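For the sequence shown, this note's numbering gives the first residue as 14, with consecutive numbering after it. Structure first, commentary second.
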Amino acid sequence: MNAHTQSPLLPVYAPPAERFVRGEGVWLYTDTGEKYLDFIAGIAVNALGHAHPALVAALTEQAGKLWHLSNMFRIEGQERLAAKYVETSFAEVVFFTNSGTEAIEGALKMARKFQSAAGRPERIDIIGFSGAFHGRTYAAINAAGNPSYLDGFGPRLPGFVNLPFGDHEALKAAIGPTTAAIIVEPVQGEGGCRAMPLECLRGLRELCDQHGLLLIFDEVQCGAGRTGKMWAHEWAGITPDIMAAAKGIGGGFPMGAILATRHAASGMVRGTHGTTFGGNPLAMAVGAACFDILNAPEFLARVQDISNHFGQALEGLKDRHPGLVQDVRGKGLLRGLKLSIDPKPVQNAARENKLLVGVAGDNVLRMAPPLVIEPSHIAEAVARLDAALGAVKAGQAA
């Protein structure tokens with residue numbers, strides 16, 4: 014396609030010129046054979062890196078058997094994978110979706126339906142927090158309340174309350190007779206890799222119990238082993254009533270899930286919700302293979318160890334670039350460098366050094382590498398980031 018030909022794609026993205034055609038582990042390769050170190054992993058999706066043999070085998074085997082049935086019929090893979098989630102988490106029931114934003118939509122519906130079925134139909138308000146990102150569908154953008162995602166799409170939906178992140182008094186004041194639930198990411202991704210303090214997560218659980226509310230955790234980005242536990246909320250020693258998961262749980266194959274207690278899901282009876290593609294046999298085969306690797310205690314222990322190493326290396330970058338790097342944020346292998354400038358130039362400079370990273374709100378350079386990275390990959394990534402920060406700094410001085 015030449016420069017004068019318009020793309021047939023809707024122009025909502027602005028990708029760089031590189032065309033990646035192959036991946037292996039933590040590396041991506043372009044159509045010209047150039048090799049890039051991938052420290053964004055499809056935005057925290059490729060949890061086991063690219064072309065992981067176990068996932069490739071699971072998908073290939075299932076592809077030769079059955080691709081799609083729809084939920085008109087029983088899908089054995091759903092029952093097997095749901096049992097794995099239930100046996101190892103707070104959840105008692107699971108609903109499979111195609112994406113994180115679908116999981117969020119279902120979680121919001123579940124919370125309101127719970128209140129209605131319990132004789133409290135006036136309880137529709139969902140409380141969320143600034144900096145949140147819950148997806149791009151209509152209810153999801155209203156739950157997050159980010160004006161840049163809401164403007165131009167008509168009136169805001171009723172029943173969503175957005176509060177400042179960390180303002181405990183505002184939260185207490187906002188809870189009233191029409192409040193149904195609170196939704197929060199234990200570690201914000203899009204909002205700037207901000208981890209909610211563990212005592213605050215515990216406080217949310219207490220508030221919900223006190224007022225008869227449901228607690229919804231959005232672990233679409235921070236779950237699936239990314240913090241060194243299978244689910245990020247486990248660090249706080251508490252459980253939600255409903256949780257949305259996606260991204261890493263499929264290791265690169267599109268899938269999401271709503272996990273819930275039977276109590277929270279009690280209003281979701283036959284006919285109240287559904288999906289055509291969610292829980293399809295292909296996704297279930299890959300999801301089961303991915304779960305078995307991610308949830309192994311030795312794998313999670315290794316993620317914790319490598320996360321500590323990564324955090325220390327990023328602190329070293331902060332020390333070397335005090336004028337540019339203000340803080341190291343995040344938890345586990347969802348990390349961010351809070352910069353004093355727009356992170357896009359640093360992201361671009363990193364890509365010129367064959368390192369792929371992301372950006373997030375609050376001037377944060379976001380990193381969510383595959384969970385299988387080695388110390389050598391961290392050393393390589395930090396060296397390339399060091400060069401990128403140095404190039405940007407030199408450009409400012411010129």
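Note that CB positions come from ideal geometry on N, CA and C, so glycine has one too. These figures come from a predicted structure and were not determined experimentally.
Going by DSSP, D44 is part of no alpha helix (DSSP H) at all; its letter is neither H nor E. Separation of the CB atoms of V200 and A208 is rounded to 5 Å, and the pair is thereby assigned contact status at 8 Å. Residue pairing by DSSP places A194 opposite I139, L227 in a beta bridge. Annotated three-state conformation of F109 is strand, per DSSP. With respect to the 9 Å criterion, A116 and I271 are classified as neighbours on the basis of their beta carbons.
Under the 10 Å beta carbon count, S83 is surrounded by fewer than 16 other beta carbons and is classified as exposed. Counting C-beta pairs closer than 8 Å gives three or more between the stretch 171–186 and the stretch 137–147, which meets the contact rule.
Apart from the 5 residues on each side of it in sequence, L217 sits with its Cβ closer than 7 Å to the Cβ of I195, V197, L228 in its chain, given in chain order. Around the Cβ of Q91, a 10 Å sphere holds 16 or more other Cβ atoms; the residue is buried. If the five residues before and after L214 are omitted, its C-beta is found closer than 7 Å to the C-beta atoms of P199, H246, A249, I251, all from its own chain and listed in chain order.
With a contact defined as Cβ atoms closer than 8 Å, G113 and G269 qualify at about 5 Å. Counting the other CB atoms within 10 Å of its CB gives V282 a total below 16, which places it among the exposed residues. Three or more beta-carbon pairs separated by less than 8 Å link the stretch 334–352 to the stretch 370–388, which places the two stretches in contact. Around the Cβ of Q19, a 10 Å sphere holds fewer than 16 other Cβ atoms; the residue is exposed.
Take the alpha-carbon of V174 and the one of A156: they are about 7 Å apart. By the neighbour-count definition (other C-beta atoms within 10 Å, threshold 16), R342 is a buried residue. In this structure, the beta-carbon distance from E232 to A258 falls below 9 Å. Between the alpha carbons of F86 and L163 lies a gap of roughly 37 Å.
Counting only unbroken stretches of 3 or more residues, the beta strand (DSSP E) elements lying wholly within the stretch 225–297 are 227–231, 255–258, 269–273, in sequence order.
For G345, the CB contacts under 6 Å within the same chain, skipping 5 residues up- and downstream, are R239, T240, G241, S320 in chain order. The DSSP-derived three-state label of F178 is coil. Taking all protein chains shown into account, Q360 has 16 or more neighbouring C-beta atoms within 10 Å of its C-beta and is therefore buried. Annotated as distal: H63 and R93, with beta-carbon spacing of 9 Å or more. Residue state for V370 is assigned as coil, using DSSP reduced to three classes. When secondary structure is reduced to three states using DSSP, L50 falls in the strand class.
Going by C-alpha positions, D332 is about 44 Å away from G119. Here DSSP, grouped into helix, strand and coil, assigns V34 to strand. Counting along the chain, D332 sits inside the alpha helix (DSSP H) bounded by residues 310–333. Nearest Cα to I255 within the set G265, W244, G261: W244.
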